[in-house]
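This report refers to the structure that appears directly beneath it.
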Amino acid sequence: MSETEQTSTATTETELTAKVERHYEGGRVFVRAIKSGKYSLLEERRRQREGPRVYKTSANPWKNGPVKWNKTLLNPSMGLMQTLQAAFEELAPGGKSQKHGHQNSALMYVLNGSGYDIHDGERTDWEAGDCLIVPPGVVHQHFNSSDEVPARILVFKSKPLYNFAGLNFQEFVELAPKEARAGWEDFHPGEWEANGSHGGSS
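Numbering (full-length UniProt numbering), first residue to last: 1 to 202.
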C-alpha cells in the first residue's frame, strides 16, 4: 500500500470513528459499578433479590431507524443483571445493519422474516426459527433479503463478562443506512400481537 493510500485509509477510519462517537454521544453503561461497605456484599445481594422478576418491555422504546431498529431488553444499566445484554433488532424490508466486530460472541434467534449474514466475507442464510451464532472477533453484518416482510431478531450477548475480563475491543466498519428505502419511509417496528405476529407500520 502506497503512502497516499495509507493516508486515505487512515482519514476514512478517523471520519468513521467520529461518526460513531456522535451516534453514541448520549452515553452507555457497559458495566455497572458494585459498591459495598462490607466484604459480604450483603447490600448488593439484597438489591438483586428484591428486584423485579417480570417487567414490561413495552416501556422500552424502539431506537435508531429508519432501516435498522433496536429495542433494549436487558443491559447492566438497568440494574437487573450484570452478565447479559439482550435486545430486539428489526430490519426493514431490504434493510441492513451496521458492519462491525467485537470480541464477545453473540447468539441471535430469528423471530420473524428471512435474510442472511456476512461473516468475514462469507454468507450465511437464515429464516424465522433459526439460531445464528456470531463468533468472537468476526466482522459481521445482517441483511433482510425480503422486499416485503420485516426481519426481527432476538439478540443475546455476554458482552459484560468480556468487558470485566478486559476483552473490550469493538469497532464499526460501516454504519447502518440513514436513508429509508423507497416505499418504507414511514416504517416503524410494531409490538408483538397475541398471535405471535407483529404490527410494524409501512
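Cβ coordinates follow ideal geometry from the N, Cα and C atoms, glycine included.
Closest Cβ-Cβ distance between residue i and chain D: below 9 Å?
| i | result |
| --- | --- |
| residue 129 | Within the model displayed, chain D is absent; a lone protein chain is all it includes. |
Can you look up residue i in the DSSP assignment and give me helix, strand or coil?
| i | result |
| --- | --- |
| residue 172 | strand |
| residue 159 | helix |
| residue 98 | coil |
| residue 196 | Model confidence at residue 196 stands at a pLDDT of 46, short of 50, so the residue's coordinates are unreliable; what they give is reported in the following sentence. Coil. |
| residue 167 | coil |
| residue 202 | Annotation note: pLDDT 49 at residue 202 (below 50); position unreliable, no value reported. |
| residue 124 | strand |
| residue 106 | strand |
| residue 82 | coil |
| residue 187 | coil |
| residue 41 | coil |
| residue 36 | coil |
| residue 49 | helix |
Which partner residues does residue i have in the DSSP bridge list?
| i | result |
| --- | --- |
| residue 152 | 90, 112 |
| residue 60 | In DSSP, residue 60 forms no bridge with anything. |
| residue 117 | 124, 142 |
Does the Cβ of residue i have 16 or more other Cβ atoms within 10 Å, making it buried, or fewer, making it exposed?
| i | result |
| --- | --- |
| residue 186 | exposed |
| residue 97 | buried |
| residue 89 | buried |
| residue 29 | exposed |
| residue 63 | exposed |
If I measure Cβ to Cβ from residue i and keep anything under 7 Å in the same chain, skipping five residues before and after, which residues do I get?
| i | result |
| --- | --- |
| residue 196 | With a pLDDT of 46 at residue 196, under the threshold of 50, the predicted position of this residue should be treated as unreliable, though the coordinate-derived value follows. Same-chain partners within the cutoff: there are none. |
| residue 202 | Because residue 202 carries a pLDDT of 49, less than 50, the predicted location of this residue cannot be relied on, and no value is offered for it. |
| residue 127 | 110, 114 |
In the DSSP assignment, find the beta strand (DSSP E) that holds residue i and state where it starts and stops.
| i | result |
| --- | --- |
| residue 179 | Looking at the DSSP string, residue 179 is not in any beta strand (DSSP E), and its letter there is neither H nor E. |
| residue 68 | 68–74 |
Sorted by chain position, which residues of the same chain lie with C-beta nearer than 8 Å to residue i's C-beta, five sequence neighbours on each side aside?
| i | result |
| --- | --- |
| residue 36 | 42, 43, 44 |
| residue 80 | 51, 52, 55, 74 |
| residue 182 | none |
Identify the continuous alpha helix (DSSP H) that holds residue i and give its terminal residues.
| i | result |
| --- | --- |
| residue 132 | Premise fails: residue 132 lies in the beta strand (DSSP E), 131–134, not in any alpha helix (DSSP H). |
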